[in-house]
Amino acid sequence: MAEQADLILHGGDIVTLAERGDERGEAVAVKDGTIVFVGSEKEVLERWRGPHTVVRDLGGRALLPGFIDAHGHLGGIGLQAVIANLLADPDGDVTDLASLKDKLRSWAAGPVGADSDWIIGFGYDDAMLAERRHPTRDDLDEVSTDRPVLAIHQSFHLGAVNSIGLKRLGYSAATPDPEGGVIRRRELAVPPSYGEPDGVLEEKAFTPASDLALAGLPERELLMLFATGAAKAASFGFTTVQEGGTTLANLKALRDTAAAVLLPVDVVAYVKADEATASTLDDPIGVSDEYVDGVRAAGVKLVLDGSPQGRTAWLTEPYLTPPPGQPEDYCGYPAVPDDAVVAKQIATAVERDWQVLAHVNGDAAIDQFLKAVEAAGPGRRPTVAIHAQTARKDQVDVFARLEILPSFFSMHTYYWGDWYRETVLGKKRAESISPARWALDKGLRYTSHHDAPVALPNSIAVLSSQVTRRTRSGHVLGPDQRVSALDAVRAITVNAAHQYGEQDRKGSIEVGKLADLVVLSANPLTVDPEQIRDIKVIETIKAGTTVHPPAPTDQASGTPSTAPTPQWGCSC
Numbered sequence: 370m371a372e373q374a375d376l377i378l379h380g381g382d383i384v385t386l387a388e389r390g391d392e393r394g395e396a397v398a399v400k401d402g403t404i405v406f407v408g409s410e411k412e413v414l415e416r417w418r419g420p421h422t423v424v425r426d427l428g429g430r431a432l433l434p435g436f437i438d439a440h441g442h443l444g445g446i447g448l449q450a451v452i453a454n455l456l457a458d459p460d461g462d463v464t465d466l467a468s469l470k471d472k473l474r475s476w477a478a479g480p481v482g483a484d485s486d487w488i489i490g491f492g493y494d495d496a497m498l499a500e501r502r503h504p505t506r507d508d509l510d511e512v513s514t515d516r517p518v519l520a521i522h523q524s525f526h527l528g529a530v531n532s533i534g535l536k537r538l539g540y541s542a543a544t545p546d547p548e549g550g551v552i553r554r555r556e557l558a559v560p561p562s563y564g565e566p567d568g569v570l571e572e573k574a575f576t577p578a579s580d581l582a583l584a585g586l587p588e589r590e591l592l593m594l595f596a597t598g599a600a601k602a603a604s605f606g607f608t609t610v611q612e613g614g615t616t617l618a619n620l621k622a623l624r625d626t627a628a629a630v631l632l633p634v635d636v637v638a639y640v641k642a643d644e645a646t647a648s649t650l651d652d653p654i655g656v657s658d659e660y661v662d663g664v665r666a667a668g669v670k671l672v673l674d675g676s677p678q679g680r681t682a683w684l685t686e687p688y689l690t691p692p693p694g695q696p697e698d699y700c701g702y703p704a705v706p707d708d709a710v711v712a713k714q715i716a717t718a719v720e721r722d723w724q725v726l727a728h729v730n731g732d733a734a735i736d737q738f739l740k741a742v743e744a745a746g747p748g749r750r751p752t753v754a755i756h757a758q759t760a761r762k763d764q765v766d767v768f769a770r771l772e773i774l775p776s777f778f779s780m781h782t783y784y785w786g787d788w789y790r791e792t793v794l795g796k797k798r799a800e801s802i803s804p805a806r807w808a809l810d811k812g813l814r815y816t817s818h819h820d821a822p823v824a825l826p827n828s829i830a831v832l833s834s835q836v837t838r839r840t841r842s843g844h845v846l847g848p849d850q851r852v853s854a855l856d857a858v859r860a861i862t863v864n865a866a867h868q869y870g871e872q873d874r875k876g877s878i879e880v881g882k883l884a885d886l887v888v889l890s891a892n893p894l895t896v897d898p899e900q901i902r903d904i905k906v907i908e909t910i911k912a913g914t915t916v917h918p919p920a921p922t923d924q925a926s927g928t929p930s931t932a933p934t935p936q937w938g939c940s941c
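Numbered by my numbering, the letters in the sequence shown go through residues 370 to 941 in order.
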């Protein structure tokens, strides 16, 4: 029985995404974690079924390649699961400042919050709060005057702290804004006074607050962030995820976690470019094409600007409505004002054969990035423009010429499309955010990502947003930028595999590739485009083994119970 398969899947809509040959198949056989047959149901049962083969009838459901996260933050997904949920509908129920404060108070009294140094919540969106503003120090003082409080904006580029939080940070009227960041003030003043902080912090003024607050979480929670995040990602059908923009210390923690706890997904990590390029070691990251315990480091990430929805992204034309205290010609600002620093970091990465990812939301930041990439010359690995929210058509042309792969945060069309039209960019500029159609027209293998924890790692929402581009209000934002369901699926499967240089082993259902698969309640290629959002992830399979849902446990023993199909029990 040399050809006995471990697993046969049949009886459903099998979408192979094979780049040569049929897009569909009748059956799939898996042996030792690898796909060994794709073809007719009759042939697979005659040739590959043996006495120990598990034969699964999909019951008409759809089988697709496992989804590949083109950009996200694995630790942040875990964090999202353990701190206060300040998200608005459909991912939470915060509607105004009163409900935001209630969420923080409840978390502070709960099992994690009671042991945390700071009271922390994530996900509020000033665009969705009834008051249409950020919480201030005064608002958060109503949560606690004894403990520091941090409310993190959904973009993770801004946040607000209470008075004790400001004191912990050392921020006062005598504190100037850091380069690449803003401490918002109650009123403007003339140095040596810069104005009393109002509690709202942007970009590099916000980062120390998040670092300090998160370091104060209970150790037991910090140790499990990566494992918790991996299990959450698997529940949405992802089989490969990203830890995008971590520190060298957190990369070590990720590797230590993976060595101790079986992660259900592969993890590709990128270290902050400033830290990695400043190291005296030739390769402080340990970049490799191979996974160890399910983890590999691939390169570096630069952050060149901020958030369009938070109005800190760097644009070439002014925002429609500037933030409070800013002039009418306000265009945001760069995270790294010195072009020479950006150019050096990218050139160093290319020279060391590290893949380069760059967070570039505003078109001015994209200009800065393109200039540095062109100066550095081509590298062996794909260079990626992360988000590229406001990329102009001429910039997409340059992406094609320099072979830069854009990875769009397509869910912006839903979450902030209305906000962009009314407040951030205006109707005309908002229509072309996440310009996937321009990318396709230039022959680019664009990818789409969830950027969790900014949004939930919701694969189905990623698909739906590309195909419909519907905002919260139901408006179709930029109908000319919509793509087919097939292109949307490719953006989180085979195209993402190309982004990682793993197209020979992932991204499609073909013989010789890993059996990374996802079972969906319906086929996104055949349902009405408006119904894609209703599709459910039924099962996630990593290298032939089910990783979601986790194996049921025996309540008496706490160990996985015997199941009729391959299962994976999450230790987290």
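Don't be surprised by glycine CBs; every beta carbon is placed ideally from N, CA and C.
According to DSSP, residues forming a beta bridge with Arg750: None; Arg750 has no bridge partner.
Bridge partners - His728, DSSP secondary structure assignment: Val672 and Ile755
Residue burial classification, Arg1016 (beta-carbon count within 10 angstroms, cutoff 16): Outside the displayed range of the chain (370 to 941) lies residue 1016, so it cannot be described from this structure.
Val767 in three-state terms, based on DSSP: helix
Through-space distance from Val423 to Met370, alpha-carbon basis: In this predicted model, Met370 has a pLDDT of only 47, less than 50, meaning its place in the structure is not dependable enough to derive any value.
In chain order, each beta strand (DSSP E) run of at least 3 residues that lies wholly inside the region 476-522: 488-493 and 518-522
Whether Ala704 touches Asp674 by CB criterion (8 Å): For Ala704 and Asp674, yes; Cβs fall inside 8 Å.
Residues that Leu378 bridges to, as DSSP identifies them: Val397 and Arg425
Alpha carbon of Lys601 to alpha carbon of Glu556, nearest angstrom: 43 Å
Pro504 to Val793 span [Cα, whole Å]: 19 Å
Enclosing beta strand (DSSP E) for Lys713 [first to last residue]: Where Lys713 is concerned, there is no enclosing beta strand (DSSP E), although the alpha helix (DSSP H) it sits in stretches over Asp708 to Glu720.
Environment of Thr922 [buried if 16+ CB atoms lie within 10 Å]: In this prediction, Thr922 has a pLDDT of 45, which is less than 50 and means its spatial position is unreliable; what the coordinates show is noted afterwards. Result: exposed.
Contacts around Cys941, its chain only, beta-carbon distance under 6 Å, and the 5 residues preceding and following it disregarded: Unreliable placement is indicated for Cys941, whose pLDDT of 31 sits below 50; the coordinate value is still reported in the next sentence. Only Met593, Ala596, Thr597 and Ala600 meet the Cβ criterion.
Exposed unless 16 or more other CB atoms sit within 10 angstroms - verdict on Gly447: Per the 10 Å Cβ criterion, buried.
Identity of the residue in Gln449, Pro826 and Ser524 nearest His728 by Cα: Ser524
Rounded straight-line distance, which links the Cα of Ala374 to that of His442: 35 Å
Residue span of the alpha helix (DSSP H) that contains Val858, given as start and end: Ala854 to Ala860
Span separating the alpha-carbon of Ala757 from that of Asp732: In a straight line, the C-alpha of Ala757 is about 8 Å away from that of Asp732.
Same chain, Cβ closer than 6 Å to Ala857, neighbours up to 5 away in sequence not counted: Cβ neighbours of Ala857 beyond the five flanking positions: Leu832, Gln835 and Val836.
Alpha carbon of Thr915 to alpha carbon of Arg798, nearest angstrom: 44 Å
Proximity to Tyr639 [Cα-Cα], best of Arg624, Pro561, Ala622 and Gln611: Gln611
Check whether Ile904 and Ser890 have beta carbons under 8 Å apart: Judged by their CB atoms, Ile904 and Ser890 are nearer to each other than the 8 Å cut-off.
Spatially closest choice to Met497 from Leu456, Phe605 and Thr626, by CA coordinates: Leu456
Residue environment, Pro693, which counts as buried when at least 16 other CB atoms sit within 10 Å: exposed
Coil, strand or helix - Asn454 by DSSP: strand
Beta-carbon proximity check, Pro826 vs Phe575, cutoff 8 Å: no
Beta-carbon proximity check, Arg554 vs Asn531, cutoff 8 Å: no
Cβ pair Tyr493, Leu469 closer than 8 Å: Against a cut-off of 8 Å, the Cβ pair of Leu469 and Tyr493 comes out as a contact.
Status (buried if at least 16 other CB within 10 Å, exposed otherwise) for Ala387: buried
Segments of 3+ residues assigned as beta strand (DSSP E) that fall wholly inside the region 819-876: none
Ser532 in three-state terms, based on DSSP: helix
Classification of Glu572 by the beta-carbon crowding that lies within 10 angstroms, buried from 16 upward: buried
Alpha-carbon spacing of Glu415 relative to Asp426, whole angstroms: 16 Å
Lys470 at chain C interface by Cβ criterion, 8 Å: No chain C appears in this structure, which consists of one protein chain only.
Extent of the continuous alpha helix (DSSP H) to which Phe406 belongs: Counting along the chain, Phe406 falls outside any alpha helix (DSSP H), though it belongs to the beta strand (DSSP E) covering Thr403 to Gly408.
Exposed unless 16 or more other CB atoms sit within 10 angstroms - verdict on Thr931: Caution is warranted here: a pLDDT of 29 is assigned to Thr931, below 50, making its placement in the model unreliable, and the coordinate value is therefore given only provisionally. Result: exposed.
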